[in-house]
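**Q** First residue of the sequence shown: 545, per my numbering; consecutive thereafter. The beta carbon of each residue, even a glycine, is placed where N, CA and C say it ideally should be. No experiment lies behind these values; they were computed from the predicted model shown. This is the structure, below, for whatever I ask next.
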Amino acid sequence: MTYPYARFFHEVDLELMESITKVNMEAPSWVTRAVLTGMLKKKKGAIINIGSDLSEDPSLPLYTLYAASNKSYLKMFSRCLEYKQHGIDIQCLVSFPSFFAAYFVINVLCFHC
Numbered sequence: 545m546t547y548p549y550a551r552f553f554h555e556v557d558l559e560l561m562e563s564i565t566k567v568n569m570e571a572p573s574w575v576t577r578a579v580l581t582g583m584l585k586k587k588k589g590a591i592i593n594i595g596s597d598l599s600e601d602p603s604l605p606l607y608t609l610y611a612a613s614n615k616s617y618l619k620m621f622s623r624c625l626e627y628k629q630h631g632i633d634i635q636c637l638v639s640f641p642s643f644f645a646a647y648f649v650i651n652v653l654c655f656h657c
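Here is the structure:
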């Protein structure tokens, strides 16, 4: 989730800020926690987190919260999911497709989904 239009951080209202952090940070955390139980029982698993390449854009000052919550949080969260000390190999992939790739998947490949 991102802003409906570009704006500086101090211009983001509290309701939008809360929505962005819930969707981009809390949701992946809760879903991951939910599936980890099964992975721990099976002693294996794979998690794929998908962010946005837009957060690498040089116009970051206009998308501060979005870039931090979508890119930085997901990348670090995924790297920290290490369970090898428990004898479990949980592989985590973080993918940051470009706008074109995301558009292509959503509008072309899933046209008949």
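Name the DSSP bridge partner or partners of residue 633?
**A** Counting from one through the sequence shown, the residue named residue 633 turns up at place 89. Paired residues: 588.
**Q** Does the segment 585 to 596 touch the segment 625 to 635, meaning 3 or more C-beta pairs lie closer than 8 Å?
**A** With the cut-off at 8 Å, the segment 625 to 635 and the segment 585 to 596 touch.
**Q** Measuring only the C-alpha atoms, how far is residue 583 from residue 632?
**A** What you label residue 583 is simply residue 39 of the sequence shown in a count that begins at 1. What you label residue 632 is simply residue 88 of the sequence shown in a count that begins at 1. Near 8 Å, if we compare the C-alpha coordinates of residue 632 and residue 583.
**Q** Going by CA-CA distance only, name the one from 546, 567, 545 and 608 that's closest to residue 554.
**A** Residue mapping note: residue 554 aligns to position 10 of the sequence shown, counting from 1. Checking every option, the nearest Cα to that of residue 554 belongs to 608.
**Q** Let me make sure I understand the geometry here. Which of 585, 595 and 630 has the alpha-carbon closest to that of residue 546?
**A** As a first step, residue 546 is located in the sequence shown; it is residue number 2 there, counting from the start. Considering only alpha carbons, the answer is 595.
**Q** DSSP three-state call for residue 656: helix, strand or coil?
**A** As a working mapping, residue 656 is identified with position 112 in the sequence shown. Unreliable positioning characterises residue 656 in this predicted model, as indicated by a pLDDT of 49, which lies under 50. The coordinate reading is nonetheless provided below. Residue 656: coil per DSSP, three-state reduction.
**Q** Can you give me the C-alpha to C-alpha distance between residue 559 and residue 586, rounded to a whole angstrom?
**A** Here residue 559 corresponds to residue number 15 of the sequence shown, with the count starting at 1. Here residue 586 corresponds to residue number 42 of the sequence shown, with the count starting at 1. For residue 559 and residue 586, the distance between alpha carbons rounds to 40 Å.
**Q** Output needed for residue 563: all residues of its chain with C-beta closer than 8 Å, excluding positions within five of it in sequence on either side, in chain order.
**A** Here residue 563 corresponds to residue number 19 of the sequence shown, with the count starting at 1. These residues qualify, in order along the chain: 545.
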